[in-house]
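Step one of this worksheet: look at the structure below.
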Amino acid sequence: MGVAARSVPAVQTVDLTKVYRVGHMDYPALRGINIKIGRGELVSIMGPSGSGKSTLLNLIGALDRPTAGRVIIDGVDLKKLDEDRLSLLRNRKLGFVYQSFNLIQRLTSIENVEMPLISRGIPEKTRKSRSNRMLSAVGLNGKANKRPAELSGGEQQRVAIARALVTEPALIIADEPTGNLDSKTTSELVSQFLQVNKEFGTTILIVTHNMEIANRTQRIISIRDGLIEREQYLQRMDAYSKG
Amino acid sequence: MFKLATKALVDRKVRSVLTILGITVGSAIILALIASSSGLNAGITSNIEKTGANVLTLRTAGGFFSASSTSTYQLSSQDVSWLRNQPNVAHVYPYYSYSATIGSGSTKLSASIVGIDLSSLSIMYKGLSVAQGVVPLIGDTTSALLGYNIANPTSGSVIGVNQMVPMSITGIKGTKGAVSYAVLAGGILAQYGSSLFANIDDTIYISIQAAQFLSKTPYYSGIYVIVDNTDNVNTVQTAITTYYSDNVRIISPGQILSSLTSITSQLTLFLGSIGAVSLFVATVGIVNTMYVSVMERTREIGILKALGYRPKQIMGMFLSEAALTGMIGGVCGLLLGYALAFLMGGFLGGLGGGGRGGFGGGGGGATMTIHPVFSFELIVFSLVFPVLLATVAGLYPAWRASKMNAVVALKYE
Numbered sequence: 007m008g009v010a011a012r013s014v015p016a017v018q019t020v021d022l023t024k025v026y027r028v029g030h031m032d033y034p035a036l037r038g039i040n041i042k043i044g045r046g047e048l049v050s051i052m053g054p055s056g057s058g059k060s061t062l063l064n065l066i067g068a069l070d071r072p073t074a075g076r077v078i079i080d081g082v083d084l085k086k087l088d089e090d091r092l093s094l095l096r097n098r099k100l101g102f103v104y105q106s107f108n109l110i111q112r113l114t115s116i117e118n119v120e121m122p123l124i125s126r127g128i129p130e131k132t133r134k135s136r137s138n139r140m141l142s143a144v145g146l147n148g149k150a151n152k153r154p155a156e157l158s159g160g161e162q163q164r165v166a167i168a169r170a171l172v173t174e175p176a177l178i179i180a181d182e183p184t185g186n187l188d189s190k191t192t193s194e195l196v197s198q199f200l201q202v203n204k205e206f207g208t209t210i211l212i213v214t215h216n217m218e219i220a221n222r223t224q225r226i227i228s229i230r231d232g233l234i235e236r237e238q239y240l241q242r243m244d245a246y247s248k249g
Numbered sequence: 435m436f437k438l439a440t441k442a443l444v445d446r447k448v449r450s451v452l453t454i455l456g457i458t459v460g461s462a463i464i465l466a467l468i469a470s471s472s473g474l475n476a477g478i479t480s481n482i483e484k485t486g487a488n489v490l491t492l493r494t495a496g497g498f499f500s501a502s503s504t505s506t507y508q509l510s511s512q513d514v515s516w517l518r519n520q521p522n523v524a525h526v527y528p529y530y531s532y533s534a535t536i537g538s539g540s541t542k543l544s545a546s547i548v549g550i551d552l553s554s555l556s557i558m559y560k561g562l563s564v565a566q567g568v569v570p571l572i573g574d575t576t577s578a579l580l581g582y583n584i585a586n587p588t589s590g591s592v593i594g595v596n597q598m599v600p601m602s603i604t605g606i607k608g609t610k611g612a613v614s615y616a617v618l619a620g621g622i623l624a625q626y627g628s629s630l631f632a633n634i635d636d637t638i639y640i641s642i643q644a645a646q647f648l649s650k651t652p653y654y655s656g657i658y659v660i661v662d663n664t665d666n667v668n669t670v671q672t673a674i675t676t677y678y679s680d681n682v683r684i685i686s687p688g689q690i691l692s693s694l695t696s697i698t699s700q701l702t703l704f705l706g707s708i709g710a711v712s713l714f715v716a717t718v719g720i721v722n723t724m725y726v727s728v729m730e731r732t733r734e735i736g737i738l739k740a741l742g743y744r745p746k747q748i749m750g751m752f753l754s755e756a757a758l759t760g761m762i763g764g765v766c767g768l769l770l771g772y773a774l775a776f777l778m779g780g781f782l783g784g785l786g787g788g789g790r791g792g793f794g795g796g797g798g799g800a801t802m803t804i805h806p807v808f809s810f811e812l813i814v815f816s817l818v819f820p821v822l823l824a825t826v827a828g829l830y831p832a833w834r835a836s837k838m839n840a841v842v843a844l845k846y847e
């Protein structure tokens, strides 16, 4: 990881604030978050329910707009983008992995992986070969034509990771990706994330409740009541060796 | 994108089929209607052209057009003389008409017998020609002219020139039951097809003297008046009406046309409104189906948004689903409508033919076959219109889908 590459962070937030208005009451979810995540970093975000984790993720994921402050993804300030450009940015620079997998049930694994490429208008042949490569990379050889219902939870999440990876994004956002999985599968999946991070150099942001997962990332950002409570850098080599 | 739409439709088979069915029925009815009514119009027009728009038929009052009339007026040679003296009248041909059967058992054939000046036929029916033999001369009371179907029946033996044709005649005034009769086949007419006044192919024409002898009465069944020019038909008709008042009925091609047109236009209106209502309901059905589909797939829409699908792409996806529904409905509607048009053609044809017994000087229940007309424009329209309608119906649901909030949609259970 060169110094030059680190000069433009993958993610940067500046005084990020989000206030939800319900009736006449304001509920501040985020109260000025400043984060800088370099390219190729593997960072976990921790915090109790209602701390603002999901809100932060939605803002970084370009799915929602902040009340105040800025989100800068790979050098692009989201504030300046309209709905169409935000969509394009999500498609080109971001990959999402959710707790509930969020696969389209009536499509096969490979079709699910192809989805973000279809939106780009990439020809079918290229789409298929790239998607197949990604399915292999996450260890799902031979499962390309299975539907989500025919796969285990761990396998479904691997399909979701392949889908997030297929566009070669600058950042993968994983929202409690192992929340629905048992501990063995969780461990395997975390190794998968570590491997992706190492192999493709993809920046990964994992929101988790699980301390074991957090301990295997390079940095833990703890959030409480809409503010950063603590930032903790871990030994990177240590993180890999546990894989 | 299109593949996704197809998959979405297949996924909800029953609902899709029902939605498509609505469009199919609606567009089939409208298609069949337009095709058969333009077929009917073409049929009527060609019949009028064949018969000649300048022929008026006089019948004594009573019967089909005036069942309520109590007039007992009879048409005789005096009427013929009076008519011949009217301005703009070119020819006057009185006639007798009866029904007859030829042969027996399975080869039994129904025919109309018309007694008329045989030289009148070529004047009244354009393009009519004698295929074999000759037109019997005036005063020849034994020879007859046979219609094509009489001489060449679908079952039974072919009748040649100079062959005796025995028959059984009914409907002679003052005579109860059937009268046995026989004629000599003097000439056989070429196939002509139906005309509004008479089904020439199913008619045996005998001389007026023979008919007069047969019926033993000086009173005619009716009189054909041939007007010199089509433009004068109304003038002549008015003069005749003024003279006879309610004692005779005058049947003109224009009148037949207008009565047929009024029947068909009412039918068209009736079926057309069914078709329109059906299409409207189908459209509402699409809106409903699409709306439910959008709601059901809220989460999927959220996923698509997260994956970077632009609002326009999501809208396009749902619109193509709607358009596909319309397209399948349109294609099915075209096939169904095609079949329906022929059914309807038979029905309308029967309607026209049923009324004919009353109009026809020549009697017999001549039927007019209606060939539905499928113009290129009609086919294109019936394929494009359902797609258009379905797309319009899909607009609002698709717009709703494209405007969905990604964060909310992703949380949707």
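First to last, the sequence lines map onto chains A and B. The numbers in the working numbering rise by one with no breaks, and the one at position 12 of the first sequence is 18. The numbers in the working numbering rise by one with no breaks, and the one at position 353 of the second sequence is 787. By construction, the Cβ of each residue, glycine as well, lies at the ideal position given by its N, Cα and C atoms. Please read these numbers as outputs of a predicted model, since none were measured by experiment.
Distance from the CA of S533 (chain B) to the CA of S649 (chain B), rounded to the nearest whole angstrom, comes to 13 Å. Proximity of chain A to Y743 (chain B) at the Cβ level (cut-off 7 Å) is accounted for by S93, S125, in chain order. Contact check for G460 (chain B) against A716 (chain B) passes: the beta carbons are separated by less than 9 Å. Under the 10 Å beta carbon count, G763 (chain B) is surrounded by 16 or more other beta carbons and is classified as buried.
Taking all protein chains in view, the Cβ of D83 (chain A) is surrounded by fewer than 16 other Cβ atoms within 10 Å, so the residue is classified as exposed. Rounded to the nearest angstrom, the Cβ distance from N40 (chain A) to V20 (chain A) is 6 Å, consistent with a contact under 8 Å.
DSSP, reduced to helix, strand and coil, places D181 (chain A) within a strand of the structure shown. For F102 (chain A), the closest Cβ of chain B is nearer than 9 Å. Within the stretch 693-714 of chain B, contact with chain A at the beta-carbon level (separation under 7 Å) is assigned to no residue. Annotation: Cβ neighbours of E89 (chain A) in chain B (cutoff 7 Å, chain order): P745. For V842 (chain B), the uninterrupted alpha helix (DSSP H) segment begins and ends at 840-845. N64, G67, L69, D70, E89: these are the residues of the stretch 59-89 of chain A whose beta carbon lies less than 8 Å from some beta carbon of chain B, given in chain order.
In its chain, beyond the 5 residues on either side, Y529, S531, T637, Y639, G796 have a beta carbon closer than 6 Å to the beta carbon of V548 (chain B). For A840 (chain B), the C-beta contacts it makes with chain A under 7 Å involve L69, in order along the chain.
For S461 (chain B), the secondary structure class from DSSP, reduced to helix, strand or coil, is helix.
Beta-bridge partners assigned by DSSP to Y239 (chain A): A:R225.
In terms of Cβ geometry, I43 (chain A) and L211 (chain A) form a close pair [threshold 9 Å]. Interface criterion met: the Cβ of P122 (chain A) is under 9 Å from a Cβ in chain B. By the rule that beta-carbons nearer than 9 Å mark a contact, N108 (chain A) touches chain B. Secondary structure note for F102 (chain A): its beta strand (DSSP E) is the uninterrupted segment 100-104. Across the set B:L694, B:I720, B:S589, B:Q700, the C-alpha of B:L694 shows the shortest separation from the C-alpha of N475 (chain B). Look at the beta carbons and you see the stretch 716-726 of chain B not touching the stretch 222-238 of chain A: under three pairs across the two are nearer than 8 Å. L490 (chain B) places its beta carbon 9 Å or farther from that of Y626 (chain B). Pairing A439 (chain B) with M751 (chain B) gives a Cβ-Cβ distance under 9 Å. Not one beta carbon of chain B lies nearer than 9 Å to the beta carbon of R27 (chain A).
Between S470 (chain B) and P820 (chain B), the C-beta gap is not smaller than 9 Å, which leaves the two residues out of contact. In the displayed model, T637 (chain B) falls within a strand according to three-state DSSP. Burial check for G207 (chain A): the Cβ neighbour count within 10 Å stays below 16, so the residue is exposed. Of all alpha-carbon atoms in A:H215, A:A176, A:M121, A:K131, the one lying nearest the alpha-carbon of E734 (chain B) is that of A:M121. Residues of chain B with a Cβ closer than 8 Å to the Cβ of R96 (chain A) are, in chain order, K739, A740, L741, G742.
Assignment of T208 (chain A) by DSSP, reduced to helix, strand and coil, places it in the coil class. Sorting A:A35, A:P154, A:D88 by C-alpha distance to the C-alpha of D231 (chain A) places A:A35 at the top.
Per the coordinates, the alpha-carbon of G473 (chain B) lies some 26 Å from the alpha-carbon of G456 (chain B).
When the alpha-carbon of G590 (chain B) is set against those of B:P521, B:G539, B:A624, the nearest one is in B:G539. According to the DSSP assignment, T576 (chain B) belongs to no beta strand (DSSP E), since it is labelled neither H nor E.
Neighbours of R164 (chain A) in chain B, taken as residues at a C-beta separation under 7 Å, are lacking, since the least C-beta distance is about 17 Å.
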